[in-house]
Amino acid sequence: MSQAYEYTIGWICALQDEYMASCRMLDERYDGRGVVDKENDNNTYVFGRIEEHNVVISCLPKGRPGITSAAVVAQNMVRSFPSLRFTLMVGTAGGAPTHERDIRLGDVVVSIPQGRLGGVVQYDFGKRLLGGQFQRIGQLNSPPKLLLGLIQEMQRRYTDPRKPDTIAEHIKRMDDKLEYRRPSEDRLYRADYEHQGGNTCKNCIAGKLEQRPSRVSRRAITVHYGTVGSANSVMKNAKERDQLAHDPELKVLCFEMEAAGLMNTFPSLIIRGIGNYSDSHKNDEWNKYAALAAAAYARELLHVLKPIETMIPSRAGKTKGSA
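Position 29 (the sequence shown) corresponds to 31 in our numbering; numbering is contiguous.
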């Protein structure tokens with residue numbers, strides 16, 4: 003693939019672990035030398051194919067996470083690849099479990115519209131009122147109808163016990179990397195219990211853990227659909243997490259730092275693997291597996307997407323398939 007216009011799917015990651023897992027989802031990698039004008043685009047790309055879709059993957063610059071950085075990467079990508087139909091933001095997030103929504107480490111959250119919200123809310127963007135109350139302002143776009151239709155089909159297939167667990171097969175693409183294996187311990191501490199120091203929870207009291215029943219599932223991952231909370235700082239406060247998760251309008255499922263930079267830039271869908279619980283106990287133990295789970299879901303989404311839905315015009319004026 004030597005022409006920029008032949009790529010129809012954009013895929014963006016924020017961190018190296020996410021980037022590595024995402025690149026493993028490609029069926030084939032292409033030599034992309036000369037495709038992009040580096041004087042006008044500072045992004046670094048990996049070029050390849052998933053099924054019959056040509057995909058271009060980019061990662062935010064090292065040490066430069068956040069909404070603004072994500073917006074710049076997306077803008078560069080859209081400018082360099084004029085045939086893109088949509089972008090996927092694929093990576094990790096901190097979960098916001100409630101009694102109604104049993105979100106656990108290794109699960110996946112996908113942004114879809116809820117009520118007046120388009121699937122992503124920038125919860126730190128607004129103004130402080132005289133009484134001290136914070137009022138959120140602004141509205142972010144919804145994912146495109148094409149992707150929302152695909153999600154309906156994904157839900158149908160994944161909840162049908164007669165269908166094979168293809169996402170589990172995608173996860174096996176990283177089987178040679180032991181560090182991407184699913185960890186065994188999933189600990190959720192009570193919201194009023196703070197971390198006791200160190201990089202692990204070995205000093206934390208086991209009696210402060212939330213008691214949750216074992217989950218029985220025939221699928222490799224559990225997927226939740228709803229609102230992704232986005233901000234310019236990491237959420238590490240269990241009480242604030244719970245407040246936003248229980249907000250009757252927001253009902254935030256997870257927290258991250260980039261999605262708000264994409265939604266009004268280009269039609270996009272946010273796919274996040276849950277690597278922590280957005281509290282003071284946050285660590286990196288689950289991050290690699292969470293990144294892999296999100297990438298596997300994104301790969302399956304492109305398996306469901308029919309090639310005709312991303313057909314691009316050829317230079318002769320006729321239509322050309324994406325592969």
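Quick reminder that beta carbons are idealized off the backbone N, C-alpha and C, glycines included.
Inset, instruction - Excluding the 5 residues preceding and the 5 following M27 in the sequence, name in chain order all residues of the same chain whose CB lies nearer than 8 Å to its CB. - result: These residues qualify, in order along the chain: I52, H172, R175, A297, A298, A300 and R301.
Inset, instruction - With DSSP collapsed to three states, give me the class of C25. - result: Looking at C25 - three-state DSSP - the assignment turns out to be helix.
Inset, instruction - Determine contact between the region 288-297 and the region 101-112, defined as no fewer than three beta-carbon pairs at a distance below 8 Å. - result: Contact between the region 288-297 and the region 101-112 is established, with three or more Cβ pairs separated by less than 8 Å.
Inset, instruction - Figure out for me which residue from A16, Y191, D19 and P63 has the closest Cα to the Cα of T100. - result: Nearest C-alpha to T100: Y191.
Legend entry - Those residues which DSSP pairs with C15 across a bridge: According to DSSP, C15 bridges with C61.
Inset, instruction - Within the region 244-300, note down every full beta strand (DSSP E) run reaching 3 residues or more, in order along the chain. - result: The region 244-300 contains these whole beta strand (DSSP E) runs: 254-258 and 270-278.
Inset, instruction - Give me the Cα-Cα distance between S85 and L246, rounded to the nearest whole angstrom. - result: Taking the CA atoms as reference points, S85 sits about 37 Å from L246.
Inset, instruction - Output the distance between the C-alpha atoms of Y21 and R274, rounded to the nearest integer angstrom. - result: Using only the alpha carbons, I get a separation of about 13 Å.
Legend entry - Coil, strand or helix - T321 by DSSP: Since pLDDT at T321 reaches only 45, below the 50 mark, its modelled position is unreliable, and the value read off the structure follows with that caveat. In this structure, T321 counts as strand in the three-state DSSP scheme.
Legend entry - Own chain residues within Cβ distance below 8 Å of K241, not counting five before or after: Excluding residues within five positions, the ones whose Cβ falls inside 8 Å are A193 and D194.
Legend entry - Candidates K238, G228, E212 and P269: closest to K253 by CA position: When each option's Cα is compared against that of K253, the closest is G228.
Inset, instruction - Quick one: give me the first and last residue of the beta strand (DSSP E) that I173 is part of. - result: Not the beta strand (DSSP E): I173 falls in the alpha helix (DSSP H), residues T168 to I173.
Legend entry - Other residues of its chain near R220: CB distance less than 8 Å, five sequence neighbours each side excluded: These residues qualify, in order along the chain: P163 and D167.
Legend entry - Proximity winner among D178, H197, A222 and I169, relative to E306 (alpha-carbon distances): Note that residue 306 is Val in the sequence shown, not Glu. Of the candidates D178, H197, A222 and I169, the residue whose Cα lies closest to the Cα of V306 is I169.
Inset, instruction - Would you identify the three-state DSSP class for L142, choosing helix, strand or coil? - result: Coil at L142, not helix or strand.
Inset, instruction - Return the CA-CA distance between G117 and E251, expressed in angstroms with no decimal places. - result: So the two alpha carbons sit approximately 7 Å from each other.
Legend entry - Candidates W288, D244 and I59, of which the one nearest E102 by Cα: Comparing Cα positions, the closest option is D244.
Inset, instruction - Compare the beta carbon distance of P145 and I59 with 9 Å and say whether it is the shorter of the two. - result: With respect to I59, P145 sits apart: the two C-beta atoms are not nearer than 9 Å.
Inset, instruction - Give the straight-line distance between the Cα atoms of D188 and G121, rounded to the nearest whole angstrom. - result: Distance between the alpha carbons of D188 and G121: 27 Å.
Inset, instruction - List the endpoints of the continuous beta strand (DSSP E) containing A95. - result: F88 to G97 is the extent of the beta strand (DSSP E) around A95.
Inset, instruction - Pull up the distance between the alpha-carbon of R81 and that of N42, whole angstroms please. - result: Distance between the alpha carbons of R81 and N42 is about 9 Å.
Inset, instruction - Take every Cβ of the region 178-188, pair it with every Cβ of the region 64-74, and state whether three or more of those distances are shorter than 8 Å. - result: They do not touch, by the three-pair rule.
Legend entry - Close-in-space but distant-in-sequence residues of the same chain around Y279 (CB under 7 Å, 5 per side omitted): Scanning its chain for C-beta atoms nearer than 7 Å, with the 5 sequence neighbours on each side dropped, one finds around Y279 the residues G96, G97, P99 and L190, in chain order.
Legend entry - DSSP state of Q198 mapped onto helix, strand, coil: DSSP places Q198 in coil when its eight states are reduced to three.
Inset, instruction - Take the Cβ of D39 as the centre, count every other Cβ of all protein chains shown within 10 Å, and call the residue buried at 16 or more, exposed below. - result: Classified as exposed, D39 has fewer than 16 neighbouring CB atoms from the shown chains inside 10 Å of its CB.
Inset, instruction - With DSSP as the reference, label N45 as helix, strand or coil. - result: Coil, per DSSP.
Legend entry - Simplified DSSP state of L307, which is helix, strand or coil: Correct three-state label for L307: coil.
Inset, instruction - List the whole-angstrom C-beta distance separating G12 from T89, where the pair is believed to meet the contact cut-off of C-beta under 8 Å. - result: That pair is a contact at about 4 Å.
Inset, instruction - Would you tell me roughly how many angstroms separate the C-alpha atoms of A23 and K179, rounded to the nearest one? - result: If I take the Cα positions, the gap works out to 10 Å.
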